[in-house]
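Numbering (the numbering used here), first residue to last: 336 to 587.
By construction, the Cβ of each residue, glycine as well, lies at the ideal position given by its N, Cα and C atoms.
This structure is a prediction, so every number in the text was calculated from the model and none was measured.
Below: one structure, written as structure tokens.
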């Protein structure tokens, strides 16, 4: 199983990286976490006729800006998109006029997509969609959900954007891989916005007894050298830490 980090910036795209998108190529399916600008690269890696599942953590623009590239793809198997319960309306608002060309055939100026889109809502907690998915509401500026999936006997957790909260420990516990945002260098004491820093993410990984921690969603103005230093901070607490960069390929 391979994991491709196609976008590792928060906020906006820079020469250092695109905004968030992660692609997992497993034996039976493709999994995508978030649809930032990095999603435009997925057709470089999706070559087999396996089901494609896209999970959207929240609707801040850096995590969904790539949805406007859906008409770029021609995957005959389609893409099934999974959202938290009650958020289908947010997706439909965003991808239709006046914000995007549109995929709802009941609205004007509709683009005929070459890839069929399926839209699904997930319940809080355990879901079975052909493989186990546990979804948990975390803490970010509006509403963010984290996901825990099991593929090929491996548990993979994706945080979306969040500060560390008790519910995150629940989905991260004993996972094989924790992919965690690291927007802050040092988090403010009163964090109403909801982001994490390397110390917080590393302490969570240690407490949850995860096997590997991947830091991503770095500040858009941070250089690769600064990301490396951020990773070193985390390693002092949780040695098996990697700071992700665009085009990183990880085998699990």
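Under the three-state reduction of DSSP, which class applies to residue 405: helix, strand or coil?
helix
Residue 553 versus residue 530: straight-line alpha-carbon distance, rounded
10 Å
Would you mind listing the alpha helix (DSSP H) stretches within the segment 427 to 486 that are 4+ residues and don't spill past its ends, in chain order?
none
CA nearest to the CA of residue 481, picked from 505, 440 and 564
505
Counting along the chain, where does the beta strand (DSSP E) carrying residue 586 start and finish?
For residue 586, the enclosing beta strand (DSSP E) has its first and last residue at 583 to 586.
Exposed or buried, residue 345, counting other C-beta atoms within 10 Å across all chains shown (16 or more means buried)?
buried
Would you mind working out which of 388, 474 and 478 sits nearest residue 500, comparing C-alpha positions?
474
Counting only beta-carbon atoms, is residue 357 nearer than 8 Å to chain B?
As a matter of chain content, chain B is missing from the structure shown, which is built from one protein chain.
What's the call for residue 521, buried or exposed, on a 16-neighbour Cβ count within 10 Å?
exposed
In the DSSP output, what is residue 349 paired with across the bridge?
The partner list for residue 349 (beta bridge, DSSP) reads 352.
Residue 492 - DSSP class collapsed to helix/strand/coil:
strand
Would you kindly work out how many angstroms separate the C-alpha atoms of residue 566 and residue 574, rounded to a whole number?
As the crow flies, the alpha-carbon of residue 566 is around 9 Å from that of residue 574.
Using a threshold of 8 Å, state whether the C-beta atoms of residue 508 and residue 469 are closer than that.
no
So residue 576 packs on residue 537, CB below 8 Å; how close in whole Å?
Contact between residue 576 and residue 537 is confirmed by a C-beta separation of about 6 Å, below the 8 Å threshold.
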